[in-house]
Amino acid sequence: MTAEEPQPSQPSNSGGFTGLILILVGIFAGALVGLLYGETMWRAAHGPSKAVEVLEKTLAQKESFSQRAADAAAATDDREAKQRHEKESQRLADQAVKVDARLQEMETIAADTEKERAAGQLYFAETVWMLTEFCGDVFLQILKLLVIPLVITSMITGITSLGDIRKVGRVGVYAITYYFITTTIAVLIGLIMVLVIQPGTQADDTFAYQSESVAEKEQGTPIEKLLEVVRGKPGDPGSGMFPANIFQAATSTNVLALIVFAIVFGSALTTIGEEGMIVIRFFRAANEAVMKMVHMVMAIAPVGIFGLVATNIAKNGGAAGFGEQMQRIGWYVAAVSIGLLLHALVLMLIVWYFGKKNPLKYAMGMSRALLTAVSTASSSATLPITIECVEENNDVSPKAAGFVLPLGATINMDGTALYEAIAVIFIAQSLGIPLGVGELLVIFLTASLAAVGAAGVPEAGLFTMVIVLQAVGLPTEGVGIILAIDWFLDRLRTTVNVFGDSIGAAVVDNLVVSRP
Ligand code: ASP
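Residue 1 is where the sequence shown starts when you use the UniProt record's numbering, and the numbers rise one by one after that.
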């Protein structure tokens with residue numbers, strides 16, 4: 001038995017130019033409200049009191065870290081180490097003085113704000129805050145709601161489109177090898193970009209605060225943590241790659257476990273003959289339906305993004321806080337964009353060497369598909385045009401294109417893999433969380449898997465990034481830092497995803513299909 005190829009989704013209007021304009025309007029309106037009215041909203045939302053709480057904890061932490069460094073200096077006989085610890089202790093003590101000054105300033109602001117609240121002067125701002133937060137929250141909740149159905153159905157659909165696992169021929173092996181190698185290169189480029197540009201650490205770390213969950217993460221060696229990713233936490237049957245209870249894994253959003261389960265389950269389905277087809281068709285239909293739901297969600301994206309942008313700017317204290325944020329996000333956008341450009345160049349080298357095609361002509365031939373990818377932010381919606389461009393403009397045989405492109409649109413996402421690696425490390429850098437070699441290795445592995453798990457729909461990479469964050473124990477709330485800019489980066493990474501798929505078709509065609 002051979003499983004049929006999955007049917008591509010119809011291109012959706014929600015991701016088209018109108019959608020883009022509406023999203024731009026949402027972002028612009030959100031930014032305007034956030035910048036002009038953010039500070040008042042921040043005060044109305046108890047921002048100053050919350051800031052006082054965090055500053056108190058930050059101060060205590062700075063003092064304790066400074067003391068710890070001083071103790072370490074006293075305990076060592078090595079002159080160089082002593083000097084290093086003393087310097088660090090002094091640096092932290094200086095920072096503590098600045099934090100203390102800010103704390104006192106903030107206590108005054110908090111007291112004044114409470115007086116304004118008691119006099120009813122913040123009523124309008126409170127209402128605006130509540131409504132914008134509501135819009136953002138509902139949008140975000142719907143996105144989170146779709147994570148599990150999206151991952152399960154897209155993985156099973158992707159795996160079963162290979163046909164009988166025992167009969168995967170050379171085409172399948174070459175295609176998978178191509179996906180694997182290019183995804184690996186993409187993650188490597190991402191890691192290099194983010195470690196070299198350091199987009200999250202450009203800012204001064206004076207006010208960096210390490211929360212309790214972060215401190216907890218520091219326990220255990222990298223090897224222990226790596227083993228924990230596979231085996232799970234002792235006493236938690238929903239954790240690890242092979243959880244004792246798959247439903248518990250789903251309720252705790254252990255997406256990595258669901259991916260592993262779906263791969264094995266999907267492979268098994270293709271080996272049980274006709275009976276398996278019923279279930280395979282079921283998951284394909286479910287996948288189509290979930291993708292339609294994601295497209296529907298995109299219709300409310302402008303309002304959701306408006307809410308997220310406005311509340312995010314307001315949460316950070318309005319225009320003043322936004323200035324510092326933008327500096328960080330600007331470097332992040334630069335790191336992702338340069339990384340994607342470099343990867344596109346690597347792909348052009350691959351098509352020249354292994355596909356025996358003129359890379360510039362090949363890229364030109366793909367331009368219609370690439371522009372569709374920019375405007376829809378969906379590899380699946382672009383698929384019909386990708387197939388047409390590859391076959392008609394670039395002379396790739398339909399046999400290779402028909403196999404490599406639909407499968408690639410589901411599991412081969414170079415742009416997404418590169419972006420996930422950068423985004424996760426950027427979040428860690430922004431939160432002031434140091435990452436060791438073990439964690440970088442886990443990010444390397446999980447970013448590749450998360451890209452495989454992402455469906456070819458708008459913003460899918462944002463959902464599956466939770467896997468990578470959870471694998472290294474980073475707070476998933478960190479996604480908030482990059483959310484506002486994701487609509488833009490999604491379009492760039494989708495274009496690279498589609499370009500990668502199209503080049504895979506040329507390579508497999510040249511190396512396998514058109515050879516005797
Ligand atoms: N939108 C991307 C795609 O369709 C997936 C992602 O969100 O990274 O290829």
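Glycine included, every Cβ here is placed at the ideal spot set by N, Cα and C.
Distance cut-off 8 Å: residue i Cβ against heavy atoms of the ligand ASP
i, result
"P458", "yes"
"M291", "no"
"N394", "no"
"L462", "yes"
"S367", "no"
"M296", "no"
"Y179", "no"
"residue 581", "Past the edges of the chain, shown from 1 to 516, lies residue 581, and the structure says nothing about it."
"S378", "yes"
"D137", "no"
"residue 549", "Nothing about residue 549 can be read from this structure; the chain reaches only from 1 to 516."
"G453", "no"
"P123", "The amino acid occupying residue 123 in the given sequence is Tyr; Pro does not appear at that position. Every heavy atom of the ligand ASP is 8 Å or more from the Cβ of Y123, so no."
"M413", "yes"
"Y419", "yes"
"T494", "yes"
"T153", "no"
"D100", "no"
"T416", "yes"
"D77", "no"
"D490", "yes"
CB contact flag (residue i, residue j, <9 Å)
i, j, result
"T446", "L256", "yes"
"G339", "L418", "yes"
"D490", "E459", "yes"
"V437", "A450", "no"
"T177", "D414", "no"
"S375", "V457", "no"
"A45", "E133", "yes"
"I482", "I427", "yes"
"M364", "V390", "no"
"S337", "L440", "no"
"A119", "T40", "no"
"V25", "F139", "no"
"residue 535", "S239", "Look at the range of the chain in this structure, 1 to 516, and you will see that residue 535 is not part of it."
"A244", "P237", "yes"
"I148", "A250", "yes"
"W331", "Q198", "yes"
"E114", "S49", "yes"
Spatial neighbours of residue i in its chain, beta-carbon cut-off 8 Å, leaving aside the 5 residues before and after
i, result
"I27", "I305, F306, V309, A484 and W487"
"V52", "L103, M106, E107 and A110"
"E86", "A69, A70 and A73"
"S213", "For S213, the predicted model reports a pLDDT of 42, less than 50, meaning its position is unreliable; a value from the coordinates is still stated below. Same-chain partners within the cutoff: G473 and P475."
"T146", "The sequence as given places Leu at residue 146; Thr does not occur at that position. Same-chain partners within the cutoff: V290, M293, V294, V297 and F463."
"V512", "R170, V171, Y174 and A400"
"G185", "The sequence given here places Ile at residue 185; Gly does not occur at that position. Here the set comprises H343, V346 and D414."
Cβ neighbours of residue i in the same chain (closer than 7 Å, five flanking residues each side left out)
i, result
"I313", "A31, G34, L35, G38 and F322"
"V498", "A369, L370, A373, S379, T382 and T386"
"C135", "V303, G304, F306 and G307"
"I189", "G339, L342, H343 and L418"
"K82", "A73 and T76"
"S66", "S89, L92, A93 and A96"
"F265", "I156"
"L59", "A96, V99, D100 and L103"
Element boundaries [alpha helix (DSSP H), containing residue i]
i, result
"L441", "V437 to G453"
"residue 528", "Given a span of 1 to 516 for the chain in the structure shown, any question on residue 528 remains unanswerable."
"S89", "R79 to A118"
"A45", "Premise fails: A45 is in no alpha helix (DSSP H) and is neither H nor E."
"T201", "Element bounds for T201: n/a, residue is neither H nor E."
"G365", "P359 to G365"
"L418", "D414 to S430"
"G461", "A460 to A471"
Own chain residues within Cβ distance below 6 Å of residue i, not counting five before or after
i, result
"K356", "N510"
"G455", "Checking the displayed sequence, the identity of residue 455 turns out to be Ala instead of Gly. For A455, where only same-chain residues beyond five positions count, the Cβ hits under 6 Å are L150 and S154."
"F354", "V507"
"E218", "Legend: pLDDT at E218 = 45, less than 50; position of this residue unreliable, value from coordinates given subsequently. Within the same chain, E218 has no close Cβ partners at all."
"G408", "D501 and G504"
"E216", "Low confidence applies to E216: its pLDDT is 48, below 50, so where it sits in the model is not reliable, and the reading given next is rough at best. Counting only Cβ-Cβ distances below 6 Å, and skipping sequence neighbours, we find nothing."
"A401", "I387, V390, E391 and A505"
"Y179", "N412"
"I329", "I485"
"W352", "P359"
"Q248", "P237 and G238"
The ligand GDP heavy atom lying under 8 Å from the CB of residue i
i, result
"A186", "The ligand GDP is not part of the structure shown, which contains the ligand ASP as its ligands."
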